[in-house]
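As structure tokens, the structure follows; a few thoughts come after it.
Residue numbers (our numbering): 2 to 278.
Here's what the structure looks like:
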């Protein structure tokens with residue numbers, strides 16, 4: 002990993018862009034199983050689009066996430082000056098205003114570059130914990146974890162007791178969760194791109210149960226820069242109930258649907274999103 006860090010930091014911005022183009026094109030042609038998954042997910046989400054469109058978006062998806070992957074290490078080891086020149090943040094005051102007297106839940110999706118969202122907040126001294134699923138390879142998991150926490154981010158394992166999450170929010174902390182993977186038997190039924198799927202409802206439960214705000218975050222790549230945006234989710238029913246939990250979950254799923262439709266190549270279609278069809 003140290004060698005990879007030296008290479009990625011040493012070749013500079015232009016070098017990483019050129020390398021990401023090569024890697025993206027290479028993986029597009031050799032990872033046939035993954036490409037099949039992407040094309041199948043695109044067909045489910047966009048049934049009215051033709052085969053040429055789906056292949057073009059699939060190709061762009063490979064290029065996008067090759068760049069995101071190669072930006073992973075430089076992001077965490079970069080100077081604040083580099084961060085300010087590379088990342089534009091919109092509506093940061095939304096986070097400041099909603100966390101003055103309480104904790105909050107920030108929701109993100111596997112869209113754009115979700116790693117940047119918590120990193121820009123901890124660099125501004127926000128008390129943030131990310132909920133993350135452990136990787137199967139323990140050695141790689143430990144390396145990735147150490148990289149993520151080096152600038153002050155806390156990590157709560159997805160399989161840890163929910164009490165850790167509750168405790169962090171009750172102490173005024175920000176909890177960052179990405180709940181868009183297929184939830185299987187543990188999930189609840191909800192439409193995503195008009196198709197029933199099983200979704201995680203943990204963020205909505207925490208927000209309503211603890212009576213804390215929810216913020217929706219995105220980070221998109223535009224002409225070589227990352228644009229981070231924070232939107233407060235407005236929901237007028239604050240009392241906790243399973244009905245309200247599902248309604249709140251539906252609101253942010255529709256929010257991200259609209260965002261994905263504008264930049265479909267920046268969504269992580271490699272993951273399973275719906276039950277096998």
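For each residue, glycine too, the CB sits at the ideal point set by N, CA and C.
Quick caveat, the model's predicted, so the values are computed rather than measured.
Rounded to the nearest whole angstrom, the CA to CA distance from residue 227 to residue 239 is 33 angstroms. Around the beta-carbon of residue 272, fewer than 16 other beta-carbon atoms lie within 10 Å, marking it exposed. For secondary structure counted as the alpha helix (DSSP H) over 4 or more consecutive residues, the region 128–203 holds these complete runs in sequence order: 139–150, 163–171. Here residue 222 is bridged, per DSSP, to 227. Within the same chain, and ignoring the five residues on either side of residue 35 in sequence, the residues whose Cβ sits closer than 7 angstroms to its Cβ are 271.
Under DSSP, residue 105 shares a beta bridge with 175. For the pair residue 203 and residue 103, the CB atoms are not nearer than the 8 angstroms cut-off. Assignment of residue 252 by DSSP, reduced to helix, strand and coil, places it in the helix class. Bounds of the alpha helix (DSSP H) holding residue 41 are 33–46. In the DSSP assignment, residue 88 falls within the unbroken beta strand (DSSP E) covering 88–91. A residue is called buried when at least 16 other Cβ atoms come within 10 angstroms of its Cβ; residue 138 does not meet this threshold and is exposed. The beta carbon of residue 187 sits closer than 8 angstroms to those of 199, 201, all from its chain and outside the five residues before and after it, given in chain order. Boundaries of the alpha helix (DSSP H) around residue 63: 52–78. In the structure shown, residue 94 adopts helical secondary structure according to DSSP, grouped into three states. Shown here, residue 257 sits in a helix according to DSSP, grouped into three states.
Residue 20 and residue 225 have their C-alpha atoms roughly 14 angstroms apart. The shortest C-alpha to C-alpha distance from residue 132 to any of 185, 121, 149, 75 is the one to 149. The region 47–63 and the region 74–87 do not touch, with fewer than three beta-carbon pairs separated by less than 8 angstroms.
Residue state for residue 118 is assigned as helix, using DSSP reduced to three classes. Between residue 45 and residue 275, the CB-CB gap stays under 8 angstroms. In this structure, residue 129 places its C-beta atom within 8 angstroms of the C-beta atom of residue 154. DSSP places residue 269 in the coil class of the three-state scheme, outside both helix and strand.
Per DSSP, reduced to three states, the secondary structure at residue 49 is coil, with no helix or strand assignment. Pairing residue 229 with residue 90 gives a Cβ-Cβ distance under 8 angstroms. For a cut-off of 8 angstroms, the C-beta gap from residue 96 to residue 231 is around 5 angstroms, short enough to register as a contact. Rounded to the nearest angstrom, the gap between the Cα atoms of residue 57 and residue 191 is 28 angstroms. For residue 23, the three-state secondary structure derived from DSSP is helix. With respect to residue 266, residue 65 sits close: the two C-beta atoms are nearer than 8 angstroms.
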